[in-house]
Amino acid sequence: MKVSKFEGLRADLSGRTIFKGSIDHLEFKGHYNIDGKVLILPIKGEGNCRFICKNLHFTYSFDLIPINKQGKRYAALEHVKLEVEPELVIFNFKNLFNGDKALTQTTNEFINANWKEIYHEIEKDITKEISLIIKSLLNDMLEKYPYADIFL
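For the sequence shown, position 105 (counting from the first letter as 1) is numbered 105 according to full-length UniProt numbering, and the numbering increases by one without interruption.
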């Protein structure tokens with residue numbers, strides 16, 4: 001992942017820290033198992049999937065909590081919140097409906113024609129998971145380096 005545009009960062013131990021930016025291309029690959037509905041369309045299958053987000057604008061905000069350790073001041077993230085708004089999301093599910101290629105193609109076309117509605121259905125779960133991953137990575141870094149060494 002490469003942050004394409006860095007719009008700003010405001011950080012201090014006494015308030016909310018806000019990081020804004022955008023990413024031109026963000027791709028997720030994984031395995032899915034689904035048996036339900038997408039909007040009004042019944043959908044069933046298991047296999048590989050890929051989601052591509054284009055021109056993703058984000059705001060990641062959190063509180064930096066001071067921690068004193070070995071006579072030095074460190075920080076940890078708390079109360080994280082991630083807001084993301086892509087300009088386009090492309091979904092690709094393989095092996096829908098027991099590998100029926102025609103139904104798989106038609107379903108992927110339907111999903112991509114209605115990507116905004118589908119994205120907003122799953123947005124909360126996606127942003128929660130991504131936010132927790134970012135929090136874990138940043139907290140790992142913050143526990144290794146004193147606050148003064150990171151924020152000069």
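We put the CB at the ideal spot given by N, CA and C, even for glycine.
Inspect the beta-carbon positions of L56 and L64 and report whether they are closer than 8 Å.
-> no
Check D140 in the structure and name its three-state DSSP category.
-> helix
May I ask which residues mark the beginning and end of the beta strand (DSSP E) holding L26?
-> 16 to 38
Check K54 in the structure and name its three-state DSSP category.
-> strand
Under 8 Å between the Cβ atoms of I111 and F97?
-> no
C-alpha gap between H25 and Y145, whole angstroms = 31 Å
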